[in-house]
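Peer 1: Residue numbers (this note's numbering): 104 to 365.
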Ligand SMILES: Nc1ncnc2c1ncn2[C@@H]1O[C@H](COP(=O)(O)OP(=O)(O)OP(=O)(O)O)[C@@H](O)[C@H]1O
Ligand SMILES: [Mg+2]
């Protein structure tokens, strides 16, 4: 049986504002697994993933990645993981190619490997033609694809993605799904948050659903359906979080709104 590549124990985050965003979360991700993290807006997904990659300091709890403790081995862990986050920071003074080169150097990659990776990744995310443009001129979908390429430059062992296909058109979304599947098949562990049930069902071997700072259920899709007596993942989501999902949720009264709480 595969060993745990991510171990999280009683992880908590209280922001200086007093918001308890994560209230004691415990879970494991196995090596080579495609793991999904779902939950309504404000559930604490981004806070959790940001703590895992050391972008947000945890209030308490333990994080172990690839057998190393985040507390003492953050630098070593950093070499092994890649991440593409919800809030993308783009540079007004560098082109996509330059940013990829810079990232490669930050990971101490040899120049030839940087170049071959850049070629491969630009092709992968279909940005070859715009690689020499400043990234702040990119559209939203181009930014997300670029960010994915950036996260993969050093061929990380573990990839963290916070809503990687949000705002992508159907073609780009399917493109990314295909590549994530291939990367995972080649051995990369993927930790993904998403609001798309279809995406979670298509990609994730196992899922955790989070609500109000806590994990409310976890398992494979068939396990979750059985456990909650549900027909599909959306129903599991509804039963465990009391929320309906998605950008296309419409109020029966006719007012469109982002999501509804029942
Ligand atoms: N920097 C911050 N300072 C204070 N509170 C924050 C901060 N970031 C997030 N929060 C709060 O923490 C809670 C969890 O937010 P988080 O961004 O982790 O949720 P999420 O599950 O990623 O939501 P979404 O689906 O909208 O991305 C929310 O109540 C949010 O307002
Ligand atoms: Mg988020």
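Quick reminder that beta carbons are idealized off the backbone N, C-alpha and C, glycines included.
#1: Please give the ranges of any alpha helix (DSSP H) in the segment 245-318, keeping only runs that are unbroken, at least 4 residues long and fully inside the region.
#2: Rounded to the nearest angstrom, what separates residue 344 and residue 222 at their Cα positions?
#3: Buried or exposed: which applies to residue 360, given that a residue is buried once 16 or more other Cβ atoms fall within 10 Å of its Cβ?
#4: Given 7 Å as the limit, tell me if residue 148 has its C-beta closer than that to any heavy atom belonging to ligand 2.
#5: Using a threshold of 8 Å, state whether the C-beta atoms of residue 250 and residue 197 are closer than that.
#6: I'd like the span of the alpha helix (DSSP H) that includes residue 205, first residue to last.
#7: Return the residue from the list 336, 163, 321, 260 that minimises the CA-CA distance to residue 183.
#8: Just mark residue 214 as buried or exposed, buried being the case when its beta carbon has 16 or more other beta carbons within 10 Å.
#9: If we count the other Cβ atoms within 10 Å of its Cβ and call it buried at 16 or more, is residue 209 buried or exposed?
#10: So, are the CB atoms of residue 128 and residue 318 less than 8 Å apart?
#11: Measuring only from the beta carbon, is residue 135 closer than 7 Å to any heavy atom that is part of ligand 4?
#12: Using C-beta distances below 8 Å, list every residue in its chain close to residue 236, excluding the 5 sequence neighbours before and after it, in chain order.
#13: Restricting to Cα atoms, I'd like to know which of 158, 328, 258 is closest to residue 216.
Peer 2: By the coordinates alone:
#1: 273-288, 300-306
#2: As a working note, residue 344 is residue 241 in the chain shown. As a working note, residue 222 is residue 119 in the chain shown. C-alpha separation (whole angstroms): 43 Å.
#3: What you label residue 360 is simply residue 257 of the chain shown in a count that begins at 1. Confidence at residue 360 is low in this model, with a pLDDT of 39, below 50, so its placement is unreliable and no value can be given for it.
#4: For the purposes of this step, residue 148 is taken as residue 45 along the chain shown, with counting starting at 1. Yes, the Cβ of residue 148 comes within 7 Å of a heavy atom of ligand 2.
#5: Looking up residue 250 in the chain shown gives position 147. Looking up residue 197 in the chain shown gives position 94. Against a cut-off of 8 Å, the Cβ pair of residue 197 and residue 250 comes out as no contact.
#6: Position 102 of the chain shown, counted from the first residue, corresponds to residue 205. It spans 199-209 - the alpha helix (DSSP H) in which residue 205 sits, taken as one unbroken run.
#7: By 1-based counting over the chain shown, the position of residue 183 is 80. Considering only alpha carbons, the answer is 260.
#8: Within the chain shown, residue 214 is the residue found at index 111, counting from 1. By the 10 Å Cβ count, residue 214 comes out exposed.
#9: Counting from one through the chain shown, the residue named residue 209 turns up at place 106. Residue 209 comes out exposed.
#10: Numbered from its first residue, the chain shown carries residue 128 at position 25. Numbered from its first residue, the chain shown carries residue 318 at position 215. Result yes, Cβ atoms of residue 128 and residue 318 sit closer than 8 Å.
#11: In terms of ligand content, the structure shown lacks ligand 4 and carries ligand 1 and ligand 2 instead.
#12: Locating residue 236 in the chain shown gives position 133, counting from the first residue. Correct list, in chain order: 198, 199.
#13: For the purposes of this step, residue 216 is identified with residue 113 of the chain shown, where counting begins at 1. Measuring from the Cα of residue 216, the nearest candidate turns out to be 258.
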